[in-house]
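Contents: one structure, followed by commentary.
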Amino acid sequence: MALRVYNSLTKEKEEFIPINPPHVGMYVCGPTVSGESHLGHARPYITFDVVYRYLLYLGYKVRYVRNITDAGHFEEEGRQAEDKISSKALLEKVEPMELVHKYTSLFHWAFRQLNTLEPSIEPTATGHIVEQIGMIEQLIKAGYAYVVNGSVYFDVKKYASNYDYGKLSGRVVDDLLETTRELEGQEEKRNKADFALWKMAPPQHIMRWKSPWGEGFPGWHIECSAMATKYLGSRFDIHGGGMDLMFPHHESEIAQSTICNHASPAKYWMHNNMITVNGKKMGKSYNNQITLTQMFSGNHPLLTQGFSPMVIRFFILQTHYRSTLDFSSEALTAAEKGMKRLFEAFEVLKKLEIPDAEVPSDKELDSKINKLVDEFEEFINDDFNTAKVLANMFEIVPVINSMKDGLIKPYAISTATFKKLKESFTIFLEQILGLKDPSESSAQLNGIIDLLIEIRKEAKSKKDFFTSDKIRKQLTELGIEMKDEKDGNISWSRL
RNA sequence: GGUCCUGUGGCCGAGUGGUUAGGCAGAGCUCUGCAAAAGCUUCCACAGCGGUUCGAAUCCGCUCGGGACCUCCA
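Read left to right, the first sequence gives residues 7 to 501 (my numbering).
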């Protein structure tokens, strides 16, 4: 079964066929490093990390480009032509680049914790001013952009007369021309729907670059078009980002690239939905963000505890990426417990060995396992339904535990089935979903605990429950839980 | 106001018209020196009202509720 992805451009699930196989070009709108990443930011980068991982698994040679927006944009177009980054920099009395560096590092750190793979290229907006200016010049030359007082605007009305502006986001241009909100500085534009490609920098603006139109800074949408074009060409396979970027950002990207490159940039547009808090989108405008460092530490009024990065990743992957996901400490706690159970079963599976059996004694179970495992691929192929993959894994958990406890006979399933289960489970959990056991410990700790287990076993065999309980109790206080198995073995895990 | 999405059991969520989603929480049982874990069983559901259909959470209409975008936003 082939991979099918929901294409926001056509509003349909389509079979994924790369433009130039085996190569795949993927562009994802990256972070604006004027502040710390919050939980909402984890959604797209984890979502597209799974997309990236799966495409790699399928054998594609993927170039994954994710930008860093370090040039900033004006807070509200026209009203205050002040760069976001420079305005905060003034406030904190530091260089803009100092902030950029700080938050870029923090971003990288947080997403390493979340086990996202690094993109192939992570271009910065400030590093591509030349390319952006070049693209703007092309747009002016083509007659789709005009210069006013040192700023350059894209002529949406003209574009719309020849192309479909609004196809991606479902806008009607006539409405846009009418209903766009009244903002200061609009008088420079020919039409309200026009957007800035280059803004003249007022004197107080710190980040500024020389351009053919005077000193200024790039508009919001041009950086992605310029960098995507530079590294992926005029036409590439996947463009991803949050749904909130669909309009005007992605719509405008399409317009810019269509004029400059004579092609709609991306074949497939993929948009992840939002993380909500009490039903409302987590975001700047609502002042309801929880930063990732707060998530990890638990240092936030809405959090009853800290959550490991893997729990956050798991929490996000338990929902389909195009659905909203409502955050609560309770939901995270539930995810944490579920994940622990899943990983404990996974540890068991990795160590489990069964005797050779060509024919399973329990044909029903054997075919059930085969079905559940085969569906991993079927579900991920269905527009990356990670929720269903995880649900199947959970259905297998009792089987694994029962095999360990001897409740299921070792030869109940065939060797081939067992081998497939082990391999697929590992590949999908670790390689594709990118989940790993957060409680992995050092060889040293393992050795120490193994020793304590030996001592405790001896005590138990002598019915010295005082000693055995003491070991268990003290370890519990240290966050390590000892569990007596049916067969007399003792296993342990972190609380 | 315009465009669009959405409403699933205590919570989070998957659902292609007919079959158990899954996780967490709750209840009972088994195992067990105790505990925990695990296993088995189980309770609780598709906002409301109509319609289409042999059959609807799933399609259509209306009502009510929630949300997103239209402005920086993942």
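C-beta atoms are modelled at their ideal positions from N, C-alpha and C, and glycine is treated no differently. In this text the structure is predicted, and so the values were computed from the model without any measurement.
So what's D161 in DSSP terms, helix, strand or just coil?
-> Your numbering for residue 161 matches position 155 in the first sequence. Reduced to three states, the DSSP call for D161 is coil.
Should the segment 36-53 be regarded as contacting the segment 106-123, the criterion being three or more beta carbon pairs within less than 8 angstroms?
-> yes
Is the beta carbon of E259 less than 8 angstroms from the beta carbon of Y171?
-> Here the question's residue 259 lines up with position 253 in the first sequence. Here the question's residue 171 lines up with position 165 in the first sequence. No, Cβ-Cβ distance for E259 and Y171 is not below 8 angstroms.
Report, in whole angstroms, the separation of the C-beta atoms of R69 and I127, which I expect to be a contact under 8 angstroms.
-> Residue 69 sits at position 63 when you count from the first residue of the first sequence. Residue 127 sits at position 121 when you count from the first residue of the first sequence. Yes, they are in contact, since the Cβ atoms of R69 and I127 sit about 7 angstroms apart, within 8 angstroms.
When we look at the beta-carbon of S1 and count the other beta-carbons within 10 Å, is it buried (16 or more) or exposed?
-> What is shown of the chain runs 7 to 501, which leaves residue 1 out entirely.
Would you mind sorting G440 into buried or exposed? The rule is 16 or more other CB atoms within 10 Å of its CB.
-> Here residue 440 refers to the residue found at position 434 of the first sequence. It counts as buried.
Integer-rounded CB distance, given that I146 should sit under 8 angstroms from S217 = As a working note, residue 217 is residue 211 in the first sequence. As a working note, residue 146 is residue 140 in the first sequence. Their Cβ separation, rounded to whole angstroms, is 11 angstroms, which puts S217 and I146 out of contact at 8 angstroms.
For V395, which of P404, F385, I402, D389 has the nearest alpha-carbon?
-> One-based indexing of the first sequence puts residue 395 at position 389. The shortest Cα separation from V395 among P404, F385, I402, D389 belongs to F385.
Could you round the C-beta distance between L427 and N398 to whole angstroms and report it? I think they count as a contact, below 8 angstroms.
-> Mapped onto the first sequence, residue 427 falls at position 421. Mapped onto the first sequence, residue 398 falls at position 392. Contact flag wrong, Cβ pair sits at about 11 angstroms.
Three-state secondary structure (DSSP) at T110?
-> The residue you call residue 110 lines up with position 104 of the first sequence. Correct three-state label for T110: helix.
Given S263, which residues of its chain have a CB within under 8 angstroms of its CB, disregarding the five upstream and five downstream residues?
-> Reading the first sequence from its first residue, position 257 is the one you call residue 263. Cβ within range, chain order: S231, A234, T235, S240, A269, S270, P271.
Where the beta strand (DSSP E) through K479 begins and ends | Walking along the first sequence from the start, residue 479 turns up at place 473. Where K479 is concerned, there is no enclosing beta strand (DSSP E), although the alpha helix (DSSP H) it sits in stretches over 471-483.
Among L501, K164, G304, the one whose alpha carbon lies nearest that of E446 | The count along the first sequence starts at 1 and reaches residue 446 at position 440. The residue with the shortest Cα to Cα distance from E446 is L501.
Minimum C-alpha distance to A48 - residue among N197, V153, S175, F333 | By 1-based counting over the first sequence, the position of residue 48 is 42. Comparing Cα-Cα distances from A48 to each of N197, V153, S175, F333, the minimum goes to F333.
Straight-line gap, M409 to K415 (C-alpha atoms, nearest Å) | Counted from its first residue, the first sequence places residue 409 at position 403. Counted from its first residue, the first sequence places residue 415 at position 409. In a straight line, the C-alpha of M409 is about 7 angstroms away from that of K415.
Kindly list the residues whose CB is nearer than 6 angstroms to the CB of H245, restricted to its own chain and excluding five residues on each side of it in sequence; keep chain order.
-> Your numbering for residue 245 matches position 239 in the first sequence. Excluding positions up to five away in sequence, the list reads Y33, A272, W275.
Mark E81 as exposed unless 16 or more other C-beta atoms lie within 10 angstroms of its C-beta, in which case mark it buried.
-> Start at 1 with the first residue of the first sequence, and residue 81 comes out as number 75. Low per-residue confidence applies at E81: pLDDT is 35, beneath 50, and the placement is therefore not dependable, though the value from the model is reported in the following sentence. It counts as exposed.
Counting pairs of Cβ atoms below 8 angstroms between the segment 353-368 and the segment 325-344, do you hit three or more?
-> no
Count the other CB atoms, across all protein chains shown, that sit within 10 Å of the CB of T310; report buried if there are 16 or more and exposed otherwise.
-> Numbered from 1 along the first sequence, position 304 holds the residue referred to as residue 310. Per the 10 Å Cβ criterion, exposed.
Exposed or buried, what is D493 when buried is set at 16 or more other beta-carbons lying within 10 Å of its beta-carbon?
-> Locating residue 493 in the first sequence gives position 487, counting from the first residue. Its Cβ having fewer than 16 others within 10 Å, D493 is exposed.
Segment limits, beta strand (DSSP E) that includes T282 | As a first step, residue 282 must be located in the first sequence, where it is residue number 276. Counting along the chain, the beta strand (DSSP E) containing T282 begins and ends at 281-283.
May I ask you to list the residues that DSSP assigns as paired with T130?
-> Reading the first sequence from its first residue, position 124 is the one you call residue 130. Note: T130 sits in a beta bridge opposite I74.
Alpha carbon to alpha carbon, what distance is there between K108 and T299?
-> Residue mapping note: residue 299 aligns to position 293 of the first sequence, counting from 1. Residue mapping note: residue 108 aligns to position 102 of the first sequence, counting from 1. The straight-line gap from Cα to Cα measures roughly 14 angstroms.
DSSP bridge partner residues for L331 (one or two, in chain order) | Within the first sequence, the letter at position 325 stands for residue 331. Its beta-bridge partners are I281.
Same chain, Cβ closer than 7 angstroms to A363, five either side skipped, listed in chain order = Here residue 363 refers to the residue found at position 357 of the first sequence. The answer, listed in chain order, is Y417, S420, T421.
When E436, K195, M249 are compared against L174, the one with the closest alpha-carbon = Taking the first residue of the first sequence as 1, we reach residue 174 at position 168. It is M249 whose Cα lies nearest to the Cα of L174.
Per DSSP, cross-strand counterpart(s) of K356 = In the first sequence, counting from the first residue as 1, residue 356 sits at position 350. The partner list for K356 (beta bridge, DSSP) is empty, contrary to what the question assumes.
Given S111 as reference, the closest of A337, H134, D76 once Cα atoms are compared | To locate residue 111, count along the first sequence from 1; it is residue 105. Nearest C-alpha to S111: D76.
Could you tell me which of P254, G65, L123 sits nearest to V178, measuring between CA atoms?
-> Locating residue 178 in the first sequence gives position 172, counting from the first residue. Of P254, G65, L123, the residue nearest in Cα terms is P254.
Which residues DSSP lists as bridging P224, in chain order | Sequence index remark: in the first sequence, residue 224 carries index 218 (1-based). According to DSSP, P224 bridges with W204.
How many angstroms separate the CA atom of N376 from the CA atom of F54?
-> Translated into positions along the first sequence, residue 376 becomes position 370. Translated into positions along the first sequence, residue 54 becomes position 48. Between N376 and F54, the C-alpha separation is close to 28 angstroms.
In the DSSP assignment, find the unbroken beta strand (DSSP E) run with G248 in it and report its ends.
-> Counted from its first residue, the first sequence places residue 248 at position 242. Run containing G248: 242-248, per the beta strand (DSSP E) assignment.
Since I believe L183 is in contact with K198 (beta carbons under 8 angstroms), could you give me their beta-carbon distance rounded to a whole number of angstroms?
-> Stepping through the first sequence from its first residue, residue 198 is reached at position 192. Stepping through the first sequence from its first residue, residue 183 is reached at position 177. Yes, K198 and L183 are in contact; Cβ-Cβ is about 6 angstroms, under 8 angstroms.
Specify the secondary structure class of M399 as computed by DSSP and reduced to three states.
-> Sequence index remark: in the first sequence, residue 399 carries index 393 (1-based). Reduced to three states, the DSSP call for M399 is helix.
Should N73 be labelled buried (16 or more other beta-carbon atoms within 10 Å of its own) or exposed?
-> In the first sequence, residue 73 corresponds to position 67, counting from 1. Looking at its Cβ environment, which holds 16 or more other Cβ atoms inside 10 Å, N73 is buried.
Which residues DSSP lists as bridging S499, in chain order | For the purposes of this step, residue 499 is identified with residue 493 of the first sequence, where counting begins at 1. Its beta-bridge partners are E487.
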